[in-house]
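Everything below concerns the one structure shown next.
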Amino acid sequence: THRYPAQGMVAGWKKHIKGLYAPLNQRLFSKRRDMFPKKTFSLKQFTWGFATVFSRAFDIDVPRGASLRRERVMAPLADLFNHGNVSSSYTFAADSAQFQL
């Protein structure tokens, strides 16, 4: 039980991130420490990387055949346009596979 709703959300995200990290660590990182040093590929570093990517990525509807599929994407610099008093918008042009601001 959490006193504040945000505490429950944080606990849920921590559990989710641990669930993503555990199989990677078990199947890959721990078996090849020569390539994946523990200090660099730790749960702490993985959490930082996940949070960094997740905070900069956003969801878009990408055409897949006759339907749309929601995907999380990163578009370098696009996240800079959602700050301040600047009115901005973006679209994803499926024919050219490009973002347009």
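In the numbering used here, the protein residues as written are 116 to 216. We put the beta carbon where it would ideally sit given N, CA and C, even for glycine. Predicted model, so just to flag it, every value in this text is computed and none were measured.
In this structure, 187 is the residue among 187, 118, 134, 154 with its C-alpha nearest to the C-alpha of residue 172.
The beta-bridge partner set that DSSP reports for residue 206 consists of 215. When DSSP states are grouped into helix, strand and coil, residue 192 belongs to the coil group. If you look at residue 152, you'll find it isn't in any beta strand (DSSP E); DSSP assigns it neither H nor E.
If the five residues before and after residue 156 are omitted, its C-beta is found closer than 7 Å to the C-beta atoms of 144, all from its own chain and listed in chain order. Closest in C-alpha terms to residue 128, from the list 170, 153, 149, comes 170. Nearest C-alpha to residue 154 among 166, 167, 140: 140. Excluding sequence positions up to five before and after residue 177, its CB lies within less than 6 Å of the CB of 184, 186, all in the same chain and listed in chain order. Here the alpha carbons of residue 164 and residue 131 stand approximately 14 Å from one another. In this structure, the straight-line span from the alpha carbon of residue 133 to that of residue 205 is close to 33 Å.
For residue 210, the closest C-alpha among the options 192, 179, 193 is that of 179.
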